Amino acid sequence: MKIAIISDIHSDIRSLEKALKMIRKTGFDQLVCLGDIAGYSHHYHKDLDGRDSNGCIEMVEETCNITIAGNHDHYWSGKLPVYLKKKIYPDNWFELDLSEQIKISRNTIWLYHDEIKDTINDDHIQFLASLPETHIFPVENFTILFSHFLYPDLTGATKFFPSKIGHFRPHLKYMKQQKSLYGIMGHGHLQGYSITSRKQFRYNYFGKTGLDLIPQIIIGPAITRGDSKNGFMILNTSIPELEVIQI
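Residue numbers (our numbering): 7 to 253.
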């Protein structure tokens, strides 16, 4: 089975259209979106053209077999992720003013104060709100856990990002609980991809690599234009082999 994987679109319809065109040429059996379909800020000031939140949501809804939520999707749908619900965050979190949010969060989570205001249709908001935080997908000989980020912060609501192998171990443990061999995610906007097992971390530029049949976490590139080169992934589960393609 060939699984095409896209992530972190951030309303960049120009790059999404280009990626989908390349994916169709490559061929695929399943198309997976790992979240952050909508939402962008002035951080992307050099690439603000070609942004269309409604167009991206509609395209993902129509073309993807599996779609999960990212932190920006939760922001736009006004939905608290499970991870924050278990902490001190009130249900009306997104209605609080910025000063209250900073006080409660101690600035440890994304507050989206620099998010560019956009008009997203009600039906598209409902679609974003309906997205699950994970999806467990069985293939020929193993199972894949799709998420936007690492357990326990599966949607990437916090500002934490892993810097050593130990930071990946809670997710590897969670994968074991879910009986999943691979955990595949986005969120990091990597220029290429990373693969982490219990004992090894490796970062690679775009290209093709064989995958060992051991528990591994794979983080891929973003679709959106930005600081890093953008791209998507093709996972051939029968070999297994991963190809990460630059747009």
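In this text, a Cβ means the ideal position worked out from N, Cα and C, and glycines have one as well.
Given the structure is predicted, the values throughout are model-derived calculations rather than measurements.
Excluding five sequence neighbours on each side, which residues of the same chain lie with their C-beta closer than 7 Å to the C-beta of residue i?
i	result
N242	K8
T69	L26, L37
L22	I15, C62, M65, I229
P168	L156, F174
M181	L151, G189, P221
S203	I220, P221, Q222
I122	Y46, S47, H48
Does the distance from the C-beta atom of residue i to that of residue j stay below 8 Å?
i	j	result
I115	T161	no
F148	L187	yes
S17	D58	yes
S13	L54	no
P176	P158	yes
I126	W82	yes
A75	F238	no
H154	H193	yes
L143	I72	The displayed chain sequence assigns Phe, not Leu, to residue 143. A contact, by the Cβ cut-off of 8 Å.
K52	I253	no
Return the chain-ordered list of same chain residues with a C-beta closer than 8 Å to the C-beta of residue i, the five sequence neighbours on each side being excluded.
i	result
D120	S47, H48, H49
S234	H195, L196, Q197, P227, A228
E247	K214, T215, G216, L217, L241
D191	Asp is not the amino acid found at residue 191; the sequence shown has Met there. Once the five neighbours on either side are set aside, the close Cβ partners of M191 are S13, L40, F152, S153, H154, F155, L156, I223, I224, I225, G226.
Kindly identify the DSSP beta-bridge partner or partners of residue i.
i	result
G189	L151, I223
M239	I11, V250
I229	BP columns for I229 are empty, so no partner.
L4	Residue 4 lies beyond the stretch modelled for the chain, which goes from 7 to 253, so this question has no answer here.
T202	F207, I223
D18	R57
T216	Looking at the sequence shown, residue 216 is not Thr but Gly. In DSSP, G216 forms a bridge with E247.
Kindly list the residues whose CB is nearer than 6 Å to the CB of residue i, restricted to its own chain and excluding five residues on each side of it in sequence; keep chain order.
i	result
Y211	G198
S200	Y209, I225
Q107	L117
Buried or exposed: which applies to residue i, given that a residue is buried once 16 or more other Cβ atoms fall within 10 Å of its Cβ?
i	result
F152	buried
Q222	buried
N113	exposed
V88	exposed
L97	Residue 97 is actually Asp in this sequence, not Leu. The residue in question, D97, is exposed, as its Cβ has fewer than 16 Cβ neighbours within 10 Å.
G172	exposed
R30	exposed
G1	Here the chain covers residues 7 to 253 and nothing more, so residue 1 does not appear.
D79	buried
T140	buried
Please tell me whether residue i has its Cβ less than 8 Å away from any Cβ of chain D.
i	result
G192	Protein chains in the displayed structure number just one, and chain D is not present.
Quick one: does the C-beta of residue i sit closer than 7 Å to a heavy atom of the ligand ATP?
i	result
K91	The ligand ATP is not among the ligands present in this structure, which contains no ligands whatsoever.
| Start-end ranges of the alpha helix (DSSP H) lying completely within the stretch 44-121, minimum 4 residues | With a minimum length of 4 residues, the unbroken runs of alpha helix (DSSP H) contained wholly in the stretch 44-121 fall at 59-69, 77-83, 88-91, 104-111.
| said: List, from N- to C-terminal side, the alpha helix (DSSP H) runs of 4 residues or more that fit wholly inside the stretch 127-176. | reply: Note on the stretch 127-176: whole alpha helix (DSSP H) runs with a minimum of 4 residues are 128-136, in chain order.
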